[in-house]
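Below is one structure, written out as structure tokens; comments come after it.
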Amino acid sequence: MMFTSRRSIAFLAPLTLLALAGCGVFEPVGTFFAQGYRNTVSYFNAYYNAERQFSAAEVEILEAERLRVRGVRTATTQSVAIPTTARAKLTAVIDKCSNILAFHSRSSLVDDALLLIGRSYSYLGEHVKAERKFSELLVQFPTSELALEAEIRLGVAISDQGRGEDAQLVLEPAMKKAADTGNDEMQAIALARLARISRDLGQLQQSIAFYARLRAVTGREEIAATALIEEAGVLLDEGKPEEALELVDGIHNVTDDPYFLYQAGLLSSAALSTSGRYAASISRLDLLLNDFRYRDRLGWIRLERARVLEDSADIPAAIEEYRLVDTTYARQEIGARAAFSLGHLYETSNVNYAAAKLSYERAAAVVGTPFAADARKRHQAMSRYFVLQERLRLADSVRTAAHSLASDSLRSESLQQRKDSLDAAYSSIVQDIGEWFYLDLQRRDSSIVWLLRSIAVGKSHAGTARCLFILADLAQVDSSGILERPDLYLRRIVDSFPTTAYAGAARSRLGLTEADSTDPALQLYVHAEEVLLRGEYDSAARSFENVSKIYPASTLSGKSTYAAGWVYEYHLTRLDSALVRYREVVAKYPRTPYALEAQKKLVSITPPSDTLTVPSRMRNDERPAQPPGAKKPGETVEEVPSSQNKGKIE
């Protein structure tokens, strides 16, 4: 016992001395442990706060998306930006977690921070950055318990960049790992994305299998119902309406949520309509119309009803239904959709171009819809038609009067020349209308009638070569028996119009030896014309521009530059680019006939930056595609002689 006491005293003595020595030894040691504790608490609190903010932001985003999809908050089905408050929270999450990576790179929360940063970037739409963070986590922490989730979210991020096949290579093995480990939540995420990717890639059977497996795996009612609806939609895409109907009729076994029952009702109606059972399809839609739970969706149900009536060839009833939706929901997306469909019916079935023009104008007035650009293009096409018809009416009246005078004054050479000139002008307008049907409406039958009429009226008109070239294309797919063999039209171009730009292309198609040409730009110009005739307007504009870039001294340079502007203006509706090309014509080719026409364009076109409303821009586009007297690409044009450039463009 004495021994123990002495040892205790001996041990306590140095402690007493150290205590009396103040902070000489204990303060540095205490400071070290205290600082480490504060650092640990600091980065743990930073991650905890970041995780809490991320969860709050995710709840906001998912709720906003749920309301958007269900049509509670917005009148459109277009995607909207994530809430501003959620965006701010996600930005803060990235900052906090980045600080953890920068100042606590050895902490146990680095993999958590990387995952949180990647998910935040995904919600913010910065998918490349998200991909980098998920990849970084997998490289640095391959054995982390978060590796599987990172791998699946990496595949999702790759998919969000439009790289579906690359995403499949990541998601399929990750999905199998999730299945093997019993991680149903991660497996469901992978299956849902794989099903969507397969559908986008046209792998419909594979998509159906993924959706069916997703329904079996998930324990969440909303995901199972969504998978069922999507699977039925893929079955419809695959041309299996009866299977789709059988599947969607089982929605009551999955959920009683009115939203999914509404979606199932629309799908069942579509399946019945696809299989030709139009009366049953209308009955399904009428049930939805009479259900008080869907009063806020009456417009969409009526829109679908109009589509079924259109599919059943009951055009008058479809028009009335579309008009009801168009009027009731004016200046909303649903009304714009009805107006666009109404315009299409007027254009194709009812052949009322005036009504189609007004309908397309209303559809284009609602900005941000997926069909707004197409509606503007169709409106411009209808506007051009009426301009061309007015020009045709005036030309026809003048031509008729001239013919009457010529019949009474056959010896007057000047009157005969005037008559021929008017015939050529009239034929040119008729050709414009034929090309309008061919390029703008893709109405081959009407195009053939007008082009043949142009050839019959103006047999010596330089545009006849172009008409024949188009007819040769149309003859390849014509089943009406109106047209001759394509090679006969090409042969006529070679024989009757050997100096035109189309003669070289005709010889090439016929396998004949190319005629010598003094202008090396000719073939490039002909290629641009062929691209234009195929409706590849972006490529056509670039091809016309290349003529003047590669052969600036060519007699075709001014003509091709003007043609590029014309394509930008009337087919691509890129007025800024059109104005640039027209200014180039005036500046570089002032002595050509195209400079005068370009000057008219510069006066008449309002730059897009000065256009305040869609209707005002449309009124600018109602001007004729080419002013009276302007030559079309491919016609014989005689330039004003100059010291630098003389002769004809043929």
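According to my numbering, the sequence shown holds residues -4 to 645 in order.
Note that CB positions come from ideal geometry on N, CA and C, so glycine has one too.
Residue i (DSSP reduced to helix, strand or coil)
{"i": "G234", "result": "coil"}
{"i": "Y584", "result": "coil"}
{"i": "Y324", "result": "coil"}
{"i": "F366", "result": "coil"}
{"i": "S475", "result": "coil"}
{"i": "F492", "result": "coil"}
{"i": "P253", "result": "helix"}
{"i": "A548", "result": "coil"}
{"i": "R101", "result": "coil"}
{"i": "E140", "result": "coil"}
{"i": "T568", "result": "coil"}
{"i": "N541", "result": "helix"}
{"i": "A516", "result": "coil"}
{"i": "N94", "result": "helix"}
{"i": "E531", "result": "coil"}
{"i": "P78", "result": "coil"}
{"i": "E121", "result": "coil"}
Cβ-based burial, residue i [other Cβ within 10 Å; buried from 16]
{"i": "Q200", "result": "exposed"}
{"i": "I545", "result": "exposed"}
{"i": "Q471", "result": "exposed"}
{"i": "K128", "result": "buried"}
{"i": "T80", "result": "exposed"}
{"i": "V88", "result": "buried"}
{"i": "L164", "result": "exposed"}
{"i": "T138", "result": "exposed"}
{"i": "F98", "result": "exposed"}
{"i": "I477", "result": "exposed"}
{"i": "T646", "result": "Here the chain covers residues -4 to 645 and nothing more, so residue 646 does not appear."}
{"i": "Q135", "result": "exposed"}
{"i": "L519", "result": "buried"}
{"i": "Y43", "result": "exposed"}
{"i": "R386", "result": "buried"}
{"i": "D291", "result": "exposed"}
{"i": "E540", "result": "buried"}
Close beta carbons around residue i, own chain, < 8 Å, minus the five adjacent residues each side
{"i": "D533", "result": "L567"}
{"i": "Q156", "result": "H122, V123 and E126"}
{"i": "A376", "result": "W431, D435 and L436"}
{"i": "A590", "result": "G553, V580, V581 and Y584"}
{"i": "L242", "result": "L223, E226, A227 and L230"}
{"i": "D232", "result": "R194 and L199"}
Check whether residue i and residue j have beta carbons under 9 Å apart
{"i": "V425", "j": "S441", "result": "no"}
{"i": "R148", "j": "S117", "result": "yes"}
{"i": "R373", "j": "A331", "result": "no"}
{"i": "Y348", "j": "A390", "result": "no"}
{"i": "A649", "j": "L110", "result": "Outside the displayed range of the chain (-4 to 645) lies residue 649, so it cannot be described from this structure."}
{"i": "D107", "j": "E60", "result": "no"}
{"i": "V320", "j": "A312", "result": "no"}
{"i": "Y380", "j": "A370", "result": "no"}
{"i": "F366", "j": "F335", "result": "yes"}
{"i": "Y254", "j": "G294", "result": "no"}
{"i": "L256", "j": "L280", "result": "no"}
{"i": "V562", "j": "L527", "result": "yes"}
{"i": "V249", "j": "Y273", "result": "no"}
{"i": "R188", "j": "V151", "result": "yes"}
{"i": "V361", "j": "R326", "result": "yes"}
{"i": "A460", "j": "T495", "result": "yes"}
{"i": "M170", "j": "L196", "result": "no"}
{"i": "L143", "j": "T176", "result": "yes"}
{"i": "A500", "j": "E524", "result": "yes"}
{"i": "I95", "j": "A41", "result": "yes"}
{"i": "L469", "j": "I428", "result": "no"}
6 Å CB neighbourhood of residue i in its chain, flanking five on each side removed
{"i": "L463", "result": "Y484, R487 and I488"}
{"i": "D179", "result": "V212"}
{"i": "A516", "result": "V542, Y546, S549 and L551"}
{"i": "L230", "result": "E238 and A239"}
Other residues of its chain near residue i: CB distance less than 7 Å, five sequence neighbours each side excluded
{"i": "L240", "result": "S263, A266 and L267"}
{"i": "S193", "result": "Q201, S202 and F205"}
{"i": "R210", "result": "A219, A222 and L223"}
{"i": "E598", "result": "This sequence places Val at residue 598; Glu is not what is there. If we look at V598 and ignore the five residues flanking it on each side, it has no Cβ neighbours."}
{"i": "E55", "result": "P78, T80 and A81"}
{"i": "A236", "result": "Looking at the sequence provided, one finds Pro at residue 236 rather than Ala. The residues are A266, T269 and S270."}
{"i": "L283", "result": "Y257, G260, Y289 and I296"}
{"i": "S154", "result": "A162, R188 and I192"}
{"i": "R578", "result": "L597"}
Residue i Cβ short of 8 Å to the ligand HEM heavy atom set
{"i": "S475", "result": "Only the bare structure without any ligand can be found here, which leaves the ligand HEM out of the picture."}
message: So within the segment 158 to 212, which uninterrupted beta strand (DSSP E) runs reach at least 3 residues, ignoring any that extend past its ends?
response: none
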